[in-house]
Every structure is written in C-alpha cells, then in structure tokens.
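Numbering (this note's numbering), first residue to last: 70 to 219.
For every residue, glycine included, the Cβ atom is placed at its ideal position computed from N, Cα and C.
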C-alpha cells in the first residue's frame with residue numbers, strides 16, 4: 070500500500086514548511102491573475118549587469134514553446150504551462166510530487182528607464198534570462214550623495 074504525504078492545506082499550521090516556503094505560500098497570490106503560482110516554481114534573481122536589468126528565473130521542466138514573456142502594466146510577466154506526460158496512466162504512479170498546469174509570475178519593471186526595443190530573452194537549461202537594457206543605472210542612482218561639511 071502506498072502512503073501519501075499530507076497536502077499543504079491539510080496542515081493548517083504549515084509545520085512542515087521552511088520559512089522560505091512559508092513566505093512563498095503567503096505571497097503566492099500577489100503576482101497572479103487567475104492562474105496558479107506553484108510554490109517554489111519560478112524562483113528568480115534580479116540584478117543589474119553591464120547596463121541592463123537581468124531577470125534570471127528557474128523554470129524546471131519547461132519547454133521554450135510553452136513560455137510567454139511580456140511587459141504589461143509596468144511588470145515583466147512570465148507565464149506558461151507545465152505539461153504532464155500523458156503516456157503514463159495515473160493509476161501507474163506511486164507518487165505525483167511535481168505540479169502541472171498553467172502558471173504566471175510578475176516582476177516590477179522601471180518602465181520609464183528602459184530601452185524596450187533592445188529587450189532580449191534566452192531560455193537554456195531550465196533558466197529563463199530576460200535582459201532589459203537601462204537608459205541609466207539603477208545601482209548608481211541609488212548611491213547616496215555625500216555632501217562635504219564646511
């Protein structure tokens with residue numbers, strides 16, 4: 070007999086979750102528009118490098134043809150669908166731990182500082198990298214201005 074692990078919602082105290090997963094679970098609804106956001110799916114690094122804002126997002130099991138990337142309402146929106154192998158019958162699974170279906174992630178973008186005609190996206194080894202050239206550095210702009218005291 071195969072025992073099943075408790076589902077997230079069956080554990081109201083979230084005692085089986087680490088703090089990172091708890092935070093992901095709490096904020097999962099803030100960046101979606103009617104689509105499921107998988108816990109831990111689409112984790113991203115956002116950084117500035119060589120005059121561009123880079124969004125590097127983990128999308129394990131995704132295929133390039135199932136991804137969509139766009140800028141909408143001052144947000145970079147990454148959406149797609151993770152498809153299950155239909156050649157395997159559900160009855161033959163002992164455990165189904167991966168999630169399948171549509172997802173969406175959204176990240177804020179400083180649209181007034183972008184060179185939109187030069188935006189590029191690359192998908193390789195399960196990592197989507199979106200490079201958005203900036204008109205001026207965000208890092209340099211955030212540095213405090215030191216004022217000499219007389």
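Ranked by Cα distance from residue 176, the first of 166, 126, 132 is 126. Taking C-beta atoms as the reference points, residue 178 and residue 201 count as a pair closer than 8 Å. Contact holds between the region 187-205 and the region 115-122, because three or more Cβ pairs, one in each stretch, are under 8 Å apart.
Counting C-beta pairs closer than 8 Å gives fewer than three between the region 159-176 and the region 185-192, which falls short of the contact rule. Relative to the Cα of residue 144, the nearest Cα in the group 204, 181, 218, 209 belongs to 181. In its chain, beyond the 5 residues on either side, no residue has a beta carbon closer than 7 Å to the beta carbon of residue 132.
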